[in-house]
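Counting in this note's numbering, the sequence shown runs from 82 upward without gaps.
Here the structure is laid out as structure tokens; the discussion comes afterwards.
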Amino acid sequence: MSTKVCQTYLDFASVKRDATGKELVPKRFNSFSNIGTCKSAIKCLYKEANIKMHDELEARLKVDFANGYKRHIAQLREDGEMPIGEGKLPMTVDGSYILHE
């Protein structure tokens with residue numbers, strides 16, 4: 082795959098979408114962890130096909146896109162446009178009492 086195709090894929094994957102594939106309005110972004118999974122999928126494709134990844138693509142995945150996206154997400158959180166927490170939150174004490182009943 083070319084670097085441009087991989088970049089296009091990561092750009093597409095970085096934006097949250099509905100079940101039909103349309104961007105959510107207002108525009109929301111996926112977490113850095115989610116994009117890390119997409120990067121791993123690209124690397125896995127190359128490994129499974131036993132093909133060496135282009136140096137340009139490898140550098141792009143390691144440095145450019147990852148650091149730029151991480152910085153972008155940090156800025157969105159700082160501006161209050163994206164929630165600070167990622168993933169599942171721990172269960173509250175009240176929630177555990179309800180489940181216990």
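We put the beta carbon where it would ideally sit given N, CA and C, even for glycine.
The structure presented is a predicted model; accordingly, all values stated were derived computationally and were not measured.
* Counted within 10 angstroms of its Cβ, other Cβ atoms place CYS87 as buried (16 or more) or exposed -> If you draw a 10 Å sphere on the C-beta of CYS87, you find 16 or more other C-beta atoms in it, and that means buried.
* Asked: What are the uninterrupted segments assigned as alpha helix (DSSP H) that are 4 or more residues long and contained completely in the segment 91-146, given in chain order?
  -> 113-129 and 136-140
* Could you round the C-beta distance between HIS153 and THR84 to whole angstroms and report it? I think they count as a contact, below 8 angstroms. => Contact flag wrong, Cβ pair sits at about 19 angstroms.
* ILE116 burial status per 10 Å Cβ neighbour count (16 or more: buried) -> With 16 or more Cβ atoms within 10 Å of its Cβ, ILE116 is classed as buried.
* At which residues does the alpha helix (DSSP H) containing LEU180 begin and terminate? -> For LEU180, the uninterrupted alpha helix (DSSP H) segment begins and ends at 174-181.
* Could you work out which residue in PHE110, ARG98, THR101 and ASP99 is closest to GLY161 when comparing CA atoms only? => PHE110
* Asked: Who are the Cβ neighbours of ILE123 in its own chain at under 6 angstroms, not counting the five residues just before and after it?
  -> CYS87
* For LYS103, does the count of other Cβ atoms within 10 angstroms reach 16, so buried, or fall short, so exposed? -> exposed
* Should LEU142 go down as buried or exposed, given a rule of 16 or more other Cβ atoms within 10 Å for buried? -> buried
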